[in-house]
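Novice: Heads up: the sequence shown runs through residues -17 to -1, 1 to 170, numbered per mature numbering (1 follows the signal peptide of the UniProt record, and there is no 0).
Every residue gets a Cβ at the ideal spot worked out from N, C-alpha and C, and that includes glycine.
Quantities reported herein were computed from a predicted structural model and do not represent experimental measurements.
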Amino acid sequence: MLLCLPTLPVWATTASAPVAFQTIPQVMVAFDDAQVYRKKAVTLGRLAHKAELGRVLPTYVAGSDGKPLLETENTISKDVVIARAPVPVSGAVYNEWLVPKTTWVDTYGELPMFDTFMPFKRIKTIKAIPITPEVLSLLGSEDGETAVIAVSWNAQGMKVYKDGYLTDAGYGIAPAEMQNSYEVVEE
């Protein structure tokens, strides 16, 4: 799908201020006709061990050099599921993150029963739009390749990439992640 946006003034931002793309009408209108996707890759999920409650869980993603890059740190509580990507980011470092139990049930249909990782298939769908040069401009990109969007789990925001995707769920998906982990849902 080619996203054609009208030529309008660019929304000014600074590199230090993540952009809430949900406040940009020119971006949000693109979701009206956006393709629907579902994550085809499984997500591993488990309940926290009692000894983990109150501890900080670091979330790592792959940096541009392929090495683990710290994205966020959040505190483990009894109200969350610990989620994990099945494949390591690098070596023995996994992308793990916390999901509120209510969100987990909405997304995967049921809670894990144990404190060991089990595979879950996502039931919830998302709408996603391509991150084109025009979208990057609206997001205040300074290099034409990336922008930083506001997300609920990190005050510094989330970096998104040209040829990646923005989702109606409020986050970005890198190009390779979209290709490898998501599938089109036929309506």
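1) Below 8 Å, can you find three or more Cβ-Cβ pairs linking the stretch 82 to 94 to the stretch 115 to 129?
2) To the nearest angstrom, how far is the alpha carbon of V19 from that of V168?
3) Could you tell me the alpha carbon to alpha carbon distance between Y154 and A130, rounded to whole angstroms?
4) Could you round the C-beta distance between K104 and D89 to whole angstroms and report it? I think they count as a contact, below 8 Å.
5) Do the stretch 29 to 43 and the stretch 63 to 74 touch if we need at least three Cβ pairs shorter than 8 Å?
6) Please state the DSSP three-state secondary structure of S120.
7) Quick one: using the 10 Å Cβ neighbour count with 16 as the cut-off for buried, is F4 buried or exposed?
8) Can you give me the C-alpha to C-alpha distance between E117 and L53, rounded to a whole angstrom?
Specialist: Checking against the coordinates, here is how it stands:
1) no
2) 6 Å
3) 12 Å
4) Actually they are not in contact, since the Cβ atoms of K104 and D89 sit about 14 Å apart, beyond 8 Å.
5) yes
6) helix
7) buried
8) 29 Å
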